[in-house]
Every structure is written in structure tokens, then in C-alpha cells.
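J.: Sharing a structure, written as C-alpha cells. Questions coming.
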Amino acid sequence: MKVIPLGSRLLIKPIKEERKTEGGIVLPDTAKEKPMKAEVIEVGKDVEDLDIKAGDKVIFSKYAGTEIKIDDEDFIVIDQDDILAKIED
Amino acid sequence: MKVIPLGSRLLIKPIKEERKTEGGIVLPDTAKEKPMKAEVIEVGKDVEDLDIKAGDKVIFSKYAGTEIKIDDEDFIVIDQDDILAKIED
Amino acid sequence: MKVIPLGSRLLIKPIKEERKTEGGIVLPDTAKEKPMKAEVIEVGKDVEDLDIKAGDKVIFSKYAGTEIKIDDEDFIVIDQDDILAKIED
Amino acid sequence: MKVIPLGSRLLIKPIKEERKTEGGIVLPDTAKEKPMKAEVIEVGKDVEDLDIKAGDKVIFSKYAGTEIKIDDEDFIVIDQDDILAKIED
Amino acid sequence: MKVIPLGSRLLIKPIKEERKTEGGIVLPDTAKEKPMKAEVIEVGKDVEDLDIKAGDKVIFSKYAGTEIKIDDEDFIVIDQDDILAKIED
Amino acid sequence: MKVIPLGSRLLIKPIKEERKTEGGIVLPDTAKEKPMKAEVIEVGKDVEDLDIKAGDKVIFSKYAGTEIKIDDEDFIVIDQDDILAKIED
Amino acid sequence: MKVIPLGSRLLIKPIKEERKTEGGIVLPDTAKEKPMKAEVIEVGKDVEDLDIKAGDKVIFSKYAGTEIKIDDEDFIVIDQDDILAKIED
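Set out below in C-alpha cells:
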């Protein structure tokens, strides 16, 4: 089963991480618009403004997008405008 | 009797599913904007941005669109912007 | 006396129907945006995006438009964007 | 003294009518956006989308526009978008 | 000292008038958006849509614009969109 | 140290003046959107619609813009749209 | 690890400074929209309207943008429109 995001949306998989990691990104609890880290799974065909492809790690606005479950795992369908940044190791 | 959605709208038929299925999509109860699964019945003639046709399975924003009944069955007239993703088996 | 809707508006005549008819469309009571069935009477000259003409049956958003009375009958002046779908028998 | 409406505005003169006339238009009391009948007095030079000229009878949105008095009579300066329909006898 | 309104703004001088004059315009007290009469003093260089020049009498939306005092007299800097009509004697 | 306003913004220095001066501009206390007088210090490179340059005296909307301090003096970074008028002596 | 801001966003690092410095910029406590000083770290590829590059000092709107932590240090992903001014020494 495959979920294909439409228009300028992406399918992303949130990455749960420790609150504070050595050399990692820690996202604040109290920020009104909480960002989160995710892996890009599928990119809608109208996502043309971003240099983003499947497998990329990104930071996104936490309350943006729509949560869905596929095979019991959590995913988010989110618009490209709510992807804030790309993370490169 | 046939209902033809106008402009960029679609006529879709919601698919009721178990809360948790093996290998299926389970949609969360608590999400503020609850997504739902539906089958596309009719596509308005101005729906040009989507790769969507009658028979496709889609995920849509639950509170979007207008519910109607045709021959005692529930349908929804919904704008293409509220179709989040397409599901392929 | 004739009422000609201006711009992209239409003059429609609501069709009152039973709550539940055999093979007919039944519109839900509880939906926040209640749709209704109507017959198109006059089409404004800027209504160009719709395949709608006088005599057509349509579904429209109930709270949209402005109610008027002509010769003691109820009519609605409504924008084309609030016409959701066309009904064909 | 002459009042010339600017841009896409019109100067109209509300027509007071009985609540219920034979073969006339009766406007509902309870509608949230109460329509009213008026005669067009002056048409602003940018009113180009309407087939409306001085002397025409129109239906307009009651709460739209700005009321003014000229020589002790009531007039309304109103935008063309708030003219809903034209009445022909 | 000269005040030059910028962009599509005008400098106008409100005309105080009796509540009810013979053959004059009387502006209602109770209207939510109270119109007022003024003389145009200066016209901004981007005011191109109006047939308005210094010396013209106009009706404007009372709560629009910004009041200033020049040499102890009251003036208003107001956008052209808030000038409703021109008055000709 | 130099502060260069970006885009269509200007750096201005508010001019404090007496409430009521002979032949000067006095700005009202009670106006909802209080205007103020300022001197233009720096003009952003996208400020193209205005005939405004460093040294000019202007009237601006008081609550618009962002106050900053440079070397203990008050300045405001403000968008060109919030500059209402230019003052010439 | 590198964070690359997407679209018209920038990655900036806030500069904490004393409330009042000799010849420095002091930002007011009470301003509704508190500005802050930051160093630009990364510039998104669609940031084309600004004359801003990595290493520049800028003033930005405090409540704009999204706070993130990279290797235990505070950064902000912010849209170019929320960068108010550039500081040159």
C-alpha cells in the first residue's frame, strides 16, 4: 500500500528523538509553533520549489499537516510551505 | 439520478473502516483535522491539477466538503484542495 | 416582473422535498453547512464557469445567497461559487 | 446640487414598499442580510461590469453602502458588487 | 508649510455643516460608517483613478484616514478608496 | 554603526514637538491611529514608489513600525506604506 | 550537521546583548513587536530580495520565526520578510 501526497504536499515520517542529544538538534518544548524532525517519504508532483527528495531529513512546523497511520506507523501529509529546513549530516 | 460536482469539486463516497486493520490505514480519533478515506465517484470538469479519476481511493480532510445523501447513501461534495493524498494498493 | 441576477449570480427557486424519498436526495439536518436542492430560474451573464442553464436542478449551500420573494414565492439570488453540483435524472 | 459616486460606486434611492404587494417583491424581515429595492440615480464611471443605468430598479444588500441625505431625501452610495439583481417589469 | 500626501492619499479639509440645511447634504448621526463632507486640498501623485482635484467637494468615510493639524486647523490624510463621491453644486 | 532598512522599509527619527505650535503641525492625542512627525534617516533600496529621501520630514502612523535604539537615540524601522505624507516648509 | 533553510527563509543566530551599551543598539523591552539582533548563518536559495549574506548582522522581529537548537545552541529559522534591517559597523 502506497500513499501519494497530492499537489504541493509531502508524506513525511516524524523522527522521535531524545530531548537533548550530543551534537543533535533539540527542539524546544515551549515554543508556540513547535518544530519537529522528519524523514521525507513521498514528494507530491507539484512540489517544485524545494530541493527536497525522499530520504531527506527535514524540520517542519509541528502543528502543520494531517496525521495518518499506515500499517500502524505514524505519518504526516504536509504542505511544502510547512517544511522549514533541510538537515544535512 | 446522477450528481455532477461543479467547478473544481469532486463527489466522493466515504469508506468506513475498522479503527485498526492489518496493513491498512488507520485514521486517528484525536487529530483536530480528522482525515478520512473515500472512493472518488465523480470528478468536476475543472479538477485539472490532480491525477485523480473515478474509482481512485483518496484521503481527504474530514470536516471539508458538504455531505449529501443519494438513494440513502452518504456522499460528499468536496473541493480538490481538500483531497490530501491518493492511495494505491 | 422579472428579476435578473447580476454578475456571476444566479436566481434559483428552492425545492422543498420530503426528508427521505425513494431514490431521491435527502439532505442532512445536522450538517453545519446545509445543502439544498433548487431549480435554476435565471443565470447572470458573467456565470461562465458553469455548465448550468435555466431549468437545471442544482445543490447549493443553504446559508449562501440572499432570499427574496417574487409574487409571494421564495427565490434566492446566489453566487455561482455556492452552487455545489448539478443533478441529472 | 449633484452627487457623483466615485470609482465603482453607484448612487441609489431606496424604494419603500408595503410588506406584501400583489405581484411585487416582498423582502423578508428575518434574513440576516436584508435585501432592498432601489432606483439607480447615478452610476460611477468605473461601473463597467453591470448592465445598469440611471432609472433602473435594483435589489441591493441592505447593510451595504453609506447612507446620505440630499435635500432631505435618503440616498445610498453603494459599490457595484452589492447590487444583487436588476428588476424588469 | 505644506503637507504633501503620499501615494494614493489625499489631504482633505472637513467641512462642518448644520445637521439639516435647505438643499444641502445632511449626514446621518446613527450610521455605523458616518460619511462627511470635505474640500480636497492636495492630491497624492498616485491618485489616478479619480476625477478629483484640489478645490473639489467630496463625501468621505468619517472613520477613514488620519487626522492632523496644520496651523491649528484640522485636516485629514485619507486614501482615495475612502472618498465615496464628489459633490457638484 | 549604521542601520540599513531592508526592502521597502525606511529608518526614521521621530521629532518630538510641542502639543501646539504657531504654524506648526499638532498631532491629536485622541486619534485612534496617532500620526507622528519624523525625519527620514535611511531609505531601503526597494522604496521606489515614494518621492522620499534622507533628510525629508514626514508624517507616519504612530503604531506602525519597530522602535530601535542606536547610540541611545530612538529610531523606527517602518514600511513605506506607513509614511502618510511629506512636509515641506 | 548543517541546517539549510528552505525557500525564502534564513537561519540566524540571536546575539544576546546588554540592555544598554555605549554606541550599541539597545532594543526596547516594552515594544509590542520586540526586535532583536542576530547573525546570519545560512541563507535560503529563494532569498533574492535582500542584500544579506552569511556573517551579516541583522535586526529581526522577535516573535517571528521558529526556534531550533543545534548542538545545544539556539538558532532561528525565519522568513526574509521578518528581517527588518542590516547593521554595518
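Chains as they are written, first to last, in full-length UniProt numbering: chain A, 1 to 89; chain B, 1 to 89; chain C, 1 to 89; chain D, 1 to 89; chain E, 1 to 89; chain F, 1 to 89; chain G, 1 to 89.
Glycine included, C-beta positions come from ideal geometry on N, C-alpha and C.
Out of A:Asp46, A:Gly55 and A:Glu48, which one is the CA nearest neighbour of Ile12 of chain A?
T.: The residue you call residue 12 of chain A lines up with position 12 of the first sequence. Checked all of A:Asp46, A:Gly55 and A:Glu48; the closest Cα to Ile12 of chain A is A:Gly55.
J.: When the Cα atoms are used, what is the spatial distance from Val3 of chain B to Lys53 of chain D?
T.: Looking up residue 3 of chain B in the second sequence gives position 3. Looking up residue 53 of chain D in the fourth sequence gives position 53. Between Val3 of chain B and Lys53 of chain D, the C-alpha separation is close to 39 angstroms.
J.: Of all the CB atoms in chain E, is at least one closer than 8 angstroms to the CB of Ala31 of chain F?
T.: Taking the first residue of the sixth sequence as 1, we reach residue 31 of chain F at position 31. The pLDDT assigned to Ala31 of chain F is 44, lower than 50, so where the model puts this residue is not dependable; a value taken from the coordinates is nonetheless given after this. Output row for Ala31 of chain F: interface = yes.
J.: Please check if any C-beta of chain D sits within less than 8 angstroms of the C-beta of Lys2 of chain C.
T.: If you number the third sequence from 1, residue 2 of chain C lands on position 2. Yes, because at least one Cβ of chain D sits closer than 8 angstroms to the Cβ of Lys2 of chain C.
J.: Looking only at C-alpha atoms, which of E:Met1, E:Lys16, E:Ile68 and E:Leu6 sits nearest to Val58 of chain E?
T.: Counted from its first residue, the fifth sequence places residue 58 of chain E at position 58. Among E:Met1, E:Lys16, E:Ile68 and E:Leu6, the Cα nearest to that of Val58 of chain E is on E:Lys16.
J.: Give the DSSP-derived three-state secondary structure of Asp46 of chain B in the structure shown.
T.: Counting from one through the second sequence, the residue named residue 46 of chain B turns up at place 46. DSSP places Asp46 of chain B in coil when its eight states are reduced to three.
J.: Quick one: what's Leu6 of chain E bridged to in DSSP?
T.: In the fifth sequence, residue 6 of chain E corresponds to position 6, counting from 1. DSSP output for Leu6 of chain E lists no bridge partner at all.
J.: Give me the Cα-Cα distance between Gly7 of chain E and Glu48 of chain F, rounded to the nearest whole angstrom.
T.: Taking the first residue of the fifth sequence as position 1, residue 7 of chain E is located at position 7. Taking the first residue of the sixth sequence as position 1, residue 48 of chain F is located at position 48. Rounded to the nearest angstrom, the two C-alpha atoms are 11 angstroms apart.
J.: In three-state DSSP terms, what is Asp56 of chain C?
T.: Position 56 of the third sequence holds residue 56 of chain C. In the structure shown, Asp56 of chain C sits in coil (DSSP, three-state: anything other than H, G, I, E or B).
J.: Cutting at 7 angstroms between CB atoms, please list the residues of its own chain near Gly44 of chain E, excluding the five before and the five after it.
T.: Within the fifth sequence, residue 44 of chain E is the residue found at index 44, counting from 1. The residues are Pro5, Leu6, Gly7, Ser8, Arg9 and Leu10.
J.: Can you tell me the Cα-Cα spacing of Met36 of chain G and Asp89 of chain A, whole angstroms?
T.: Translated into positions along the seventh sequence, residue 36 of chain G becomes position 36. Translated into positions along the first sequence, residue 89 of chain A becomes position 89. Going from the Cα of Met36 of chain G to the Cα of Asp89 of chain A covers about 29 angstroms.
J.: Kindly list the residues whose CB is nearer than 8 angstroms to the CB of Asp82 of chain F, restricted to its own chain and excluding five residues on each side of it in sequence; keep chain order.
T.: As a working mapping, residue 82 of chain F is identified with position 82 in the sixth sequence. The beta carbon of Asp82 of chain F lies closer than 8 angstroms to those of Phe60, Ser61, Ala64 and Gly65 in the same chain, with the five residues before and after it left out.
J.: Taking all protein chains shown into account, do 16 or more other C-beta atoms lie within 10 angstroms of the C-beta of Asp72 of chain D, making it buried, or fewer, making it exposed?
T.: Looking up residue 72 of chain D in the fourth sequence gives position 72. Burial call: exposed.
J.: Within its chain, find whatever has a CB closer than 6 angstroms to the CB of Ile68 of chain A; leave out the 5 residues flanking it on each side and keep chain order.
T.: In the first sequence, counting from the first residue as 1, residue 68 of chain A sits at position 68. If we look at Ile68 of chain A and ignore the five residues flanking it on each side, its Cβ neighbours are Phe75.
J.: Along chain F, in chain order, which residues have C-beta atoms closer than 7 angstroms to that of Ile83 of chain G?
T.: As a position in the seventh sequence, residue 83 of chain G is number 83, starting the count at 1. Those are Leu6, listed as they occur along chain F.
J.: For a cutoff of 8 angstroms on Cβ pairs, would you count Ile87 of chain G as touching chain F?
T.: Here residue 87 of chain G corresponds to residue number 87 of the seventh sequence, with the count starting at 1. Chain F, which has a Cβ nearer than 8 angstroms to the Cβ of Ile87 of chain G, makes this yes.
J.: What's the C-alpha gap between Val40 of chain F and Pro14 of chain G?
T.: Your numbering for residue 40 of chain F matches position 40 in the sixth sequence. Your numbering for residue 14 of chain G matches position 14 in the seventh sequence. Taking the straight line from one Cα to the other gives about 28 angstroms.
J.: From Ile70 of chain F to Ile70 of chain E, what distance separates their C-alpha atoms?
T.: On the sixth sequence, residue 70 of chain F is found 70 positions in, with the first residue counted as 1. On the fifth sequence, residue 70 of chain E is found 70 positions in, with the first residue counted as 1. Taking the straight line from one Cα to the other gives about 31 angstroms.
J.: Mind checking Asp79 of chain A: buried by the 16 CB within 10 Å criterion, or exposed?
T.: Taking the first residue of the first sequence as 1, we reach residue 79 of chain A at position 79. Classification of Asp79 of chain A: buried, given that the 10 Å Cβ count is 16 or more.
J.: For the segment 51-80 of chain A, which residues have a CB atom closer than 8 angstroms to at least one CB atom of chain B, in sequence order?
T.: Thr66, Glu67, Ile68, Lys69, Ile70, Asp71, Asp72 and Val77
J.: Quick one: Cα of residue 94 of chain D to Cα of Asp46 of chain G, how far?
T.: Summary: the structure shown does not reach residue 94 of chain D, with chain D confined to residues 1 through 89, and so no result is reported for it.
J.: In the DSSP assignment, find the beta strand (DSSP E) that holds Ala64 of chain A and state where it starts and stops.
T.: Here residue 64 of chain A refers to the residue found at position 64 when the first sequence is read from its first residue. Premise fails: Ala64 of chain A is in no beta strand (DSSP E) and is neither H nor E.
J.: Report the three-state DSSP secondary structure of Asp81 of chain E (helix, strand or coil).
T.: Position 81 of the fifth sequence, counted from the first residue, corresponds to residue 81 of chain E. It is helical.
J.: I need the straight-line Cα distance from Glu42 of chain F to Ala85 of chain A, nearest angstrom please.
T.: Locating residue 42 of chain F in the sixth sequence gives position 42, where the first residue counts as 1. Locating residue 85 of chain A in the first sequence gives position 85, where the first residue counts as 1. Distance from the CA of Glu42 of chain F to the CA of Ala85 of chain A, rounded to the nearest whole angstrom, comes to 33 angstroms.
J.: Quick one: Cα of Val77 of chain F to Cα of Met1 of chain E, how far?
T.: Against the sixth sequence, residue 77 of chain F aligns to sequence position 77. Against the fifth sequence, residue 1 of chain E aligns to sequence position 1. Spanning the two alpha carbons is a distance of roughly 26 angstroms.
J.: Going by DSSP in three states, Ile41 of chain B sits in which element: helix, strand or coil?
T.: Counted from its first residue, the second sequence places residue 41 of chain B at position 41. Note: Ile41 of chain B maps to strand in three-state DSSP.
J.: What is the DSSP secondary structure of Met36 of chain A, counted as helix, strand or coil?
T.: Taking the first residue of the first sequence as position 1, residue 36 of chain A is located at position 36. In the structure shown, Met36 of chain A sits in a strand (DSSP, three-state: E or B).
J.: Between Ile87 of chain G and Asp51 of chain G, what straight-line distance do the alpha-carbon atoms span, to the nearest angstrom?
T.: As a first step, residue 87 of chain G is located in the seventh sequence; it is residue number 87 there, counting from the start. As a first step, residue 51 of chain G is located in the seventh sequence; it is residue number 51 there, counting from the start. C-alpha separation (whole angstroms): 12 angstroms.
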